[in-house]
Amino acid sequence: MTVQQKAGERKVLVTGGAGFIGSHLTDRLLELGDRVVVLDNFNRFYDPEVKRRNVSGHLDNPLYLLIEGDLRDERTLDKVFEHGEFDVVVHLAAMAGVRPSLSEPAYYMDVNVVGTQRLLDRIMSCSPGTRLVFGSSSSVYGKRSGECFRESDRTDQPLSPYAASKVAGEALCYAAHNVAGLAVACLRFFTVFGPRQRPDLAIHKFCKLIDAGQPVEVFGDGTSRRDYTYVSDIVAGVLAAMTYDLPGYDIINLGRSDPVVLADMIRCLEAALGKKANLIHQPMPPGEMPYTYADTEKAQRALGYAPRVSFEDGIRRFVDWYRSTKACSTSSPL
Ligand code: NAD
Numbered sequence: 209m210t211v212q213q214k215a216g217e218r219k220v221l222v223t224g225g226a227g228f229i230g231s232h233l234t235d236r237l238l239e240l241g242d243r244v245v246v247l248d249n250f251n252r253f254y255d256p257e258v259k260r261r262n263v264s265g266h267l268d269n270p271l272y273l274l275i276e277g278d279l280r281d282e283r284t285l286d287k288v289f290e291h292g293e294f295d296v297v298v299h300l301a302a303m304a305g306v307r308p309s310l311s312e313p314a315y316y317m318d319v320n321v322v323g324t325q326r327l328l329d330r331i332m333s334c335s336p337g338t339r340l341v342f343g344s345s346s347s348v349y350g351k352r353s354g355e356c357f358r359e360s361d362r363t364d365q366p367l368s369p370y371a372a373s374k375v376a377g378e379a380l381c382y383a384a385h386n387v388a389g390l391a392v393a394c395l396r397f398f399t400v401f402g403p404r405q406r407p408d409l410a411i412h413k414f415c416k417l418i419d420a421g422q423p424v425e426v427f428g429d430g431t432s433r434r435d436y437t438y439v440s441d442i443v444a445g446v447l448a449a450m451t452y453d454l455p456g457y458d459i460i461n462l463g464r465s466d467p468v469v470l471a472d473m474i475r476c477l478e479a480a481l482g483k484k485a486n487l488i489h490q491p492m493p494p495g496e497m498p499y500t501y502a503d504t505e506k507a508q509r510a511l512g513y514a515p516r517v518s519f520e521d522g523i524r525r526f527v528d529w530y531r532s533t534k535a536c537s538t539s540s541p542l
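Residue numbers (the numbering used here): 209 to 542.
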C-alpha cells in the first residue's frame, strides 16, 4: 500500500511532536509543505520549557496546529480527530527511557500501552484509511549474544518495563492491522542523538557533566556498545516510511549499523568539548542492554534508507548545538 498523497499535500498527526524526535520530524514536514497537527502533553519527564522552545517557531504557521493534552484522554482525542481524517499518523508520544521505567512500570504501561490502544481505537473509528508509523525501539530485542539485530529476531524477552511496553505497542499495532486492516509500519529506532536530544540520554548527560568539570558516572566497564543514530537520518527513515509500498504491517530497524563503544563515545565528546572527563565506574544496572546493533538491510531495501551522518560528525553538531543553547540562556540548557 502506497500513500497516494505526495509530500506537501498531506495531513499528518505527530503525537509527541514537541519532543526530541517529534520536533525534528515536524520541522521537516512543514518545510515540505505538509499540514501538521501535533499532540503533546508537555509532561515533566524533562523540563517542559525545552519542549515549548522546540515548538515555538511554528505557532504562527497556518500549516501547524498544536493540541496540548494527554493521549489517554478521550476529550483530547475528540479535539484531535474533529479535524477529520489524517493521511499519516506518526505515533511518538511515550514515556521513553529504560532506567526511569524501572521505578514506574505501571505508569509506563499506562502511557505507552493504554495510550497507544486509545489512539489506535480512534484511528480505526475516525480515520481508518490512515497509515500509522509507530515509534518503536531497539530495546525490544533484549539481551543478545549474537551480532546484529534483525527484524525477524525474537522479542519476547524485553529487559525493562520500557522495552516490554514497546513490544506490547508493536503487538497492539499488529492486532489493529489484523482486525481493521490498519496499515502500520513499526520503526525500531536505535539510540537517537543530535540537537535537542533528551537530557536523560547518555550523550547529553555526559556532555553537560564533562563541560561543567563534574564527575561522570559510567555504568559497567566502558565496553557496552550503542548503535547511535543521528536524528536527521531517523527523520529521513520516518519520511520514507510514510510513503513506501507498505505490505499492510511491517517492522523496520532504523539504526546506523556501526555500534560505538561507550569509552569511545566519551573520548569523542572530550575531543569535541576540549575537556577531560572524570569517570566514576558503577556496576551495570538491571534493564540495560550490553549492546545494540541494527541490521539495516531491510531499511535500505524497503525505504532506500542510508544513514549519512557519521558518529564523529554527529557529536560535533551536538556539541555545537549544546554550546549555542548554553550561550543563549542565562540558566542551564537542561
Ligand atoms: P521525548 O520524551 O523527547 O518525546 C516524547 C514526547 O511525548 C514528549 O514531548 C512528551 O511530552 C510527549 N508525551 C509523553 N506522554 C504523553 C502523553 N500521555 N500524551 C501526549 N504526549 C505525551 O522522546 P524522544 O526521544 O523524542 O522519543 C520519541 C519516541 O521515540 C518515543 O516513543 C520513544 O520511545 C521512541 N524512541 C526514542 C529513542 C531515542 O533514542 N530517543 C530510541 C528508541 C525509541
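Beta carbons: idealized from backbone N, C-alpha and C, even for Gly.
- Can you tell me whether DSSP reads Ser-344 as helix, strand or coil? Strand at Ser-344.
- Under a three-way DSSP split, which group does Leu-247 fall into? Note: Leu-247 maps to strand in three-state DSSP.
- Task: Could you pull out every residue in the same chain whose Cβ sits closer than 6 Å to the Cβ of Val-424, ignoring the five residues on either side in sequence?
- Result: Here the set comprises Phe-414, Leu-417, Ala-485, Leu-487.
- Span of the beta strand (DSSP E) around Phe-427: Under the DSSP assignment, Phe-427 falls in the beta strand (DSSP E) whose first and last residues are 423-427.
- Neighbourhood of Tyr-153 by C-beta, 8 Å cutoff - its chain only, sequence neighbours within 5 removed: Residue numbering for the chain in the displayed model covers 209 to 542; residue 153 lies beyond these limits and cannot be assessed.
- How about Tyr-349 and Tyr-316: are their beta carbons less than 9 Å apart? No, Cβ-Cβ distance for Tyr-349 and Tyr-316 is not below 9 Å.
- Query: CB of Phe-398 to nearest heavy atom of ligand 1: below 8 Å?
  - Reply: Result yes, Cβ under 8 Å from ligand 1.
- Within the same chain, show all residues whose beta-carbon is closer than 7 Å to that of Gly-377, passing over the 5 residues directly before and after it, in chain order. Hits under 7 Å: Asn-320, Val-321, Thr-324, Phe-342, Ser-344.
- Message: Quick test of your reading: Pro-503 and Phe-357, contact by CB under 8 Å. State the CB separation rounded to the nearest angstrom.
- Response: Note on identity: in this sequence residue 503 is Asp, with Pro being the wrong assignment. Confirmed, about 6 Å.
- Message: Check whether the stretch 444-458 and the stretch 519-530 are in contact - that is, three or more C-beta pairs closer than 8 Å.
- Response: The stretch 444-458 vs the stretch 519-530: no contact.
- Task: Give the single residue among Asp-466, Leu-300, Leu-238, Asp-255 whose Cα lies nearest to the Cα of Leu-271.
- Result: With distances taken between CA atoms, Leu-271 lies nearest to Leu-238 out of Asp-466, Leu-300, Leu-238, Asp-255.
- Query: Helix, strand or coil for Thr-504 per DSSP?
  - Reply: In this structure, Thr-504 counts as coil in the three-state DSSP scheme.
- Message: At the level of alpha carbons, what is the spacing between Val-469 and Pro-336?
- Response: Taking the straight line joining both Cα atoms gives about 44 Å.
- Query: Which two residues bound the contiguous alpha helix (DSSP H) that contains Phe-253?
  - Reply: Membership of Phe-253 in any alpha helix (DSSP H) is not indicated, and neither H nor E is assigned to it by DSSP.
- Message: According to DSSP, His-489 sits in a beta bridge with which residue or residues?
- Response: Its beta-bridge partners are Val-426.
- Through-space distance from Asp-235 to Pro-541, alpha-carbon basis: The predicted model places Pro-541 with a pLDDT of 38, which falls under 50 and marks its position as unreliable; any figure quoted below should be read in that light. Distance between the alpha carbons of Pro-541 and Asp-235: 20 Å.
- Spatial neighbours of Cys-334 in its chain, beta-carbon cut-off 6 Å, leaving aside the 5 residues before and after: The answer, listed in chain order, is Phe-289.
- Please confirm if Lys-534 has its CB atom under 9 Å from at least one CB of chain B. Note that chain B does not occur in the displayed structure, where there is just one protein chain.
- Query: So is Gln-422 buried or exposed if we call it buried at 16+ other beta carbons inside 10 Å?
  - Reply: Gln-422 is exposed by the Cβ-count criterion.
- Task: Using beta-carbon positions only, say whether Asp-308 and Asp-408 come within less than 9 Å of one another.
- Result: Before going on, a small fix: residue 308 reads as Pro here, not Asp. Closer than 9 Å, so yes.
- Query: Which residue's Cα is closest to the Cα of Val-426: Ala-471, Asp-466, Asn-461, Thr-451?
  - Reply: Among Ala-471, Asp-466, Asn-461, Thr-451, the Cα nearest to that of Val-426 is on Ala-471.
- Residue range of the beta strand (DSSP E) that Glu-276 falls in? Per DSSP, Glu-276 belongs to the beta strand (DSSP E) from 272-276.
- Could you tell me if the beta carbon of Ser-311 falls within a distance shorter than 8 Å of some heavy atom in ligand 1? Checking every heavy atom of ligand 1 against the Cβ of Ser-311, none is found closer than 8 Å.
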